[in-house]
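Each residue of the sequence shown is one higher than the last, beginning at 40 in the working numbering.
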Amino acid sequence: MANFIVNALAKLVGSKIEKDRKELQPYIGKVNLEFAKLREVSNDELRQKTKNLQAYIKEKLQNIEDQMETMRAEITQNPQMPVLEQEKIFNKIDELSKEQDKQLELVLEEILPQGFAIVKETARRFKENQSLEVTASALDKEFASKKENVEIQGEKAIWKNTWVAAGNQIVWDMMHYDVQIIGGVVLHKGKIAEMATGEGKTLVATFPAFLNALAGKGVHIVTVNDYLARRDSEWMAPLFEFHGLRVDCIDKHQPNSQARRNAYLADITYGTNNEFGFDYLRDNMTNSPEQLVQRKLHYAMVDEVDSVLIDDARTPLIIAGPVSKTGQEEMFYALKPRIEKLVNAQKQIINEFLNEAKKKIQNGDAKDGGLALFRAFRGLPKNKPLIKLLSETGMRAILQKTEAIYLSDNQKLMPEADKPLFFTIDEKNNQIELTQKGLDLITSSGEDPNFFVLTDVGSEIAKIETDTNLDASAKIHKKEEMIQEYSIKAERIHIINQLLKAYCLFEKDTEYIIVNEEVKIVDEQTGRVMEGRRYSDGLHQALDQKKT
């Protein structure tokens, strides 16, 4: 009945998808109409169209800009102005700034067909011509000094349709389809555009990136890894640079460097979500405006938005503050969700092994049943259903016999027993070790696969020493970077292990109790609370995280 009503309403008023299509469909005709007008204009005239749009935007917003500038000057020229009066003026500037953003949104909506058409026509010309000749501008000359795809010949600039992206020579061979116009409109309006791999997401983004960059306030394009950030910034750059827009990628430059500040001042800035996030955090730790690297945020697009804003967002970005203890506590907090996910997955598989062990042992299959029992013991030795099962007659003997088999011959068969587990626990030695399956589970999508794996310092240093492309200074810098990365990873892995111990080896009201939100250790011999005592090596912090 419910489905019938839903279907009936859909037929009557239309589905959400159909409504969206009807709303977006006119944009295709508008953009292609403007696109047809551009086919016969010269390359110089095409570039002038971009300047005309920039001038039009500035003209539309100039009135509000003048009002804000007058107010700023009033504060600057009256240093003795009371703080309350200054605050009133700043509040008025904030209101005008919001109004200016609203006006800009209206202007961009108005010129959207022309802006999109310019991008599409530029893509067409690069696709159908080996080079585009234009009157050389100062920016053309600057690009020619840095890029092989731009040459200066007298008063002319020659833009080739071949350039290097991510180390590979590419020949531009793409032009936007109608469906990509729809995708561009959706992104411009701040919505999510779902596209399958191969449907040209990177090309779609050039539409709203170009349009929003015309305002001169900056565009951020956020990707999930530094390879994509670098590749896309180099791959798409000529479409924008041909029209006098600057393109850069923050991942190419060191944090807090002038080069990274300049990257943020570019019209279109590519980068990874982590680097954008860490720069934001660093800016909030600076002591003066001169140390800031980011400018006021304006417009951003996020590639693989589900990964960036859902998967990766579950782990907060943590940046070390001046006190190392605080930074360590924050890392405990950041890694806690991953450990909870890992422990819950282990509990589920251990319960399956226990059920398997019961059935097989009851049916007389002590070999396979013993293996399932041993796996449960290796995975969670303090699991209460396991302890209960081991109290039954003959079960512990089966476990011990199976354990002896897998411990013999230098534990040759142990990898086979541990393969299905996410981590293994050596209760006697109080040690926990992640398996590859566990590492895969807690490593986020798009994240470095070696996020929780230590590098071989010795071999890495040897590689640096024998690298003939590096001078002595560069080798020292490379070593320092490698050692710093190793230290961060080592701390991260240590915290993972301590959290796993807290969740799997320490029982509340047995090894410790919670009093007034504080973890207090219980003496295992006397059962008394050991006031003023703390577990060492980060274990106490791990238990603090577990209790919350």
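The C-beta atom is built at its ideal place from N, Cα and C for all residues, glycine as well.
Comparing alpha-carbon positions, the option among 331, 73, 111 and 481 lying closest to residue 384 turns out to be 481.
Nearest to residue 281 by C-alpha distance, out of 517, 483 and 89, is 89. Taking 9 Å as the cut-off, the Cβ atoms of residue 162 and residue 278 count as close. Counting only runs of 3 or more residues that sit fully inside the segment 442-501, the beta strand (DSSP E) segments are 462-465 and 470-473, in chain order. Taking each of 237, 212 and 252 in turn and checking the Cα distance to residue 151, the smallest one comes out for 252. Per DSSP, residue 289 lies in no alpha helix (DSSP H) and is assigned neither H nor E. Annotation: the continuous alpha helix (DSSP H) that includes residue 523 extends over 511-543. Between residue 542 and residue 560 the beta-carbon gap is near 17 Å, outside 8 Å, which marks them as no contact. In this structure, DSSP gives residue 227 a helical state, which the three-state scheme calls helix.
The closest CA to that of residue 66, considering only 218, 93 and 275, is found on 218. In this structure, the straight-line span from the alpha carbon of residue 112 to that of residue 370 is close to 45 Å. The residue from 333, 412 and 328 with its alpha-carbon nearest to that of residue 309 is 333.
With a minimum length of 3 residues, the unbroken runs of beta strand (DSSP E) contained wholly in the segment 174-250 fall at 189-192, 195-199, 201-204 and 207-210.
CA-to-CA, the gap between residue 319 and residue 335 works out to about 11 Å. Secondary-structure assignment with DSSP links residue 172 through a beta bridge to 197.
Between the segment 93-103 and the segment 173-188, the count of Cβ pairs shorter than 8 Å is below three; the stretches do not touch. Rounded to whole angstroms, residue 164 and residue 214 show a C-alpha spacing of 9 Å. Beta-bridge annotation (DSSP): residue 338 is paired with 258.
Note that the segment 489-497 does not touch the segment 506-514; fewer than 3 beta-carbon pairs, one per stretch, sit closer than 8 Å. With respect to the 9 Å criterion, residue 169 and residue 201 are classified as neighbours on the basis of their beta carbons.
The beta carbon of residue 522 sits closer than 8 Å to those of 496, all from its chain and outside the five residues before and after it, given in chain order.
Check the Cα spacing between residue 381 and each of 403, 410, 398 and 463: the tightest is with 463.
Nearest in C-alpha terms to residue 249, of all of 566, 194, 305 and 199, is 305. Within the same chain, Cβ atoms closer than 7 Å to the Cβ of residue 534 are found at 370, 371, 374 and 577, the five residues on either side in sequence being excluded. In the three-state reduction of the DSSP assignment, residue 566 falls in the coil class.
Pairing residue 450 with residue 459, the inter-Cα distance amounts to about 17 Å. A distance of 9 Å or more separates the beta carbons of residue 391 and residue 421.
Ranking 270, 242, 531 and 221 by CA distance to the CA of residue 206 puts 270 first.
Note that the C-beta distance between residue 116 and residue 135 is not below 9 Å.
Rounded to whole angstroms, residue 84 and residue 132 show a C-alpha spacing of 37 Å.
Using a Cβ-Cβ distance cut-off of 8 Å, the segment 550-558 and the segment 512-520 are not in contact, since fewer than three pairs of beta carbons, one from each stretch, lie closer than that value. Note on geometry: alpha-carbon atoms of residue 444 and residue 536 lie some 27 Å from one another. The residue among 125, 237 and 284 with its C-alpha nearest the C-alpha of residue 181 is 284.
Residue 229 counts as exposed, since fewer than 16 other beta carbons sit within 10 angstroms of its beta carbon. Distance from the CA atom of residue 376 to the CA atom of residue 246, rounded to whole angstroms, is 37 Å.
The Cβ atoms of residue 393 and residue 411 sit closer than 9 Å to each other.
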